[in-house]
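Below: one structure, written as structure tokens.
In the numbering used here, the protein residues as written are 1431 to 1856.
Written as structure tokens, this is what we have:
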């Protein structure tokens, strides 16, 4: 009997090992508690819920479940690097869904060496040059990808719109542009690119105005902004501190057109800032916001309802972007599986297998992406939207405010940028 029991235990143990070995290990780096958690939480939930949905409804990738290891690093780059080493050495991950600019850029050399595709929530232009041959390239980033336009390209699109907006309003003189944000790699990422294009298009470029990533009292910054006479101001931080700026500037009587980065404005920020958020123009990475009329929205709702944080009503724009990021990785992995083992090199090739790529089942939700071996700028067509707040946002949830029209995301325009070689990696 003991022999039979031992034999059975060994068999079960071996079966468990075999099952673990057939699962595909994936890392998921999140900021759920750090200074960018205001937008990191909904984005990370979108990624996690989408990967869980793939396991639940599609049986994983090529019949193999995804073994997703999530880690909240609190937006601390050293913790991200340490966790990366653990994933590579112990779990042998084949791909990673990442997050911030500081840590993603610090890991470029590591993921290139280890040949692990790294799909980040950072859209730094430094991640877009896979060859390292671009005029301003610091290093090659052949295994870095992200869903959406780079911070630099999104800002270029907004500056092009601002130039047309100024002309359309028939205002005299040269418009004045100012960059605002923390002295930090994330908000600084598109600073030089934006200021260069603004100067090229005839703006007077004013000295940058700094404010911290953490919310605070930014009255002094708003008084500086008002006294400068700026007409267009780029908010380079995430929504949490931008809310503080918008409120302070409303109180200070600042009359400026704010331009938000992709993490700088969303439905939660609109509710928190109220009327102060009215009119902010920012890029939308997805083809629609939550509840939009698109074939792929049914799958987005299914992901939300079946997720770890099940929610049927409304999700902010970052949740949908997280879904699209996860599904790009999943389809690249499916392409890898058709050619043999799911390895980092094969997944990378999967990112090059399609042009104007929309993940299957998410038509009308995820905007088309195109990656090539020489250019990882996935999106050059940038959709600009305006935050519209027409009433009291303290009464009701985000879902209710969006449903009754108190808050709206209003399409402004879509600008398709020229794929200039001198803009690659910058």
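Every residue gets a Cβ at the ideal spot worked out from N, C-alpha and C, and that includes glycine.
DSSP, reduced to helix, strand and coil, places residue 1789 outside both helices and strands of the structure shown, so it counts as coil. With 16 or more other CB atoms across the displayed protein chains lying within 10 angstroms of its CB, residue 1527 is buried.
The beta carbons of residue 1690 and residue 1665 sit closer together than 8 angstroms.
The beta carbon of residue 1467 lies closer than 7 angstroms to those of 1461 in the same chain, with the five residues before and after it left out. Residue burial is scored here from C-beta neighbours: residue 1841 has fewer than 16 other C-beta atoms within 10 angstroms and is therefore classed as exposed. When the beta-carbon positions are compared, residue 1796 and residue 1846 stay at least 8 angstroms from each other. Each residue's CA atom was taken as its position, placing residue 1730 and residue 1632 some 42 angstroms apart. C-alpha of residue 1814 to C-alpha of residue 1550: approximately 22 angstroms in a straight line. Taking all protein chains in view, the Cβ of residue 1565 is surrounded by fewer than 16 other Cβ atoms within 10 Å, so the residue is classified as exposed. Ranked by Cα distance from residue 1674, the first of 1692, 1705, 1581 is 1705. Rounded to whole angstroms, the separation of the alpha carbons of residue 1697 and residue 1829 is 9 angstroms. Rounded to whole angstroms, the separation of the alpha carbons of residue 1634 and residue 1478 is 44 angstroms. In the DSSP assignment, the residues bridged to residue 1609 are 1664. Taken through DSSP and simplified to helix, strand or coil, residue 1847 comes out as coil.
In this structure residue 1616 touches residue 1530 by the C-beta definition: roughly 7 angstroms separates them, less than 8 angstroms. For residue 1813, the pairing in a beta bridge is given by DSSP as 1714, 1844. Apart from sequence neighbours up to five positions away, the residues of its chain that approach residue 1680 with a beta-carbon distance below 8 angstroms are 1705, 1706, ordered along the chain.
By the beta-carbon neighbour count (other beta carbons within 10 angstroms, threshold 16), residue 1788 is buried.
Assigned with DSSP and collapsed to three states, residue 1633 falls in coil, not helix or strand.
For the pair residue 1663 and residue 1612, the Cα-to-Cα distance works out to about 14 angstroms. Secondary structure remark: continuous beta strand (DSSP E) runs of at least 3 residues inside the stretch 1722 to 1765: none found. For residue 1689, the enclosing beta strand (DSSP E) has its first and last residue at 1687 to 1690.
A straight-line Cα-Cα distance of about 11 angstroms links residue 1726 and residue 1733. By the 16-neighbour rule on beta-carbons within 10 angstroms, residue 1574 is buried.
Secondary structure of residue 1526 (DSSP, three-state): strand. Where residue 1595 is concerned, the enclosing alpha helix (DSSP H) starts and stops at 1581 to 1598.
Judged by DSSP in its simplified three-state form, residue 1700 adopts helix. For residue 1682 against residue 1647, the beta-carbon gap comes to about 12 angstroms, at or over 8 angstroms, which does not count as contact. DSSP places residue 1498 in the uninterrupted beta strand (DSSP E) bounded by 1496 to 1502. Under the DSSP definition of a beta bridge, residue 1709 lacks any partner. One alpha carbon belongs to residue 1639, the other to residue 1699, and they sit about 21 angstroms apart. Residue 1674 has no beta-bridge partner at all, per DSSP. Note on geometry: alpha-carbon atoms of residue 1561 and residue 1522 lie some 25 angstroms from one another. Contact between the stretch 1505 to 1518 and the stretch 1479 to 1493 is absent, with fewer than three C-beta pairs closer than 8 angstroms. Judged by DSSP secondary structure, residue 1459 falls within the beta strand (DSSP E) whose first and last residues are 1454 to 1460.
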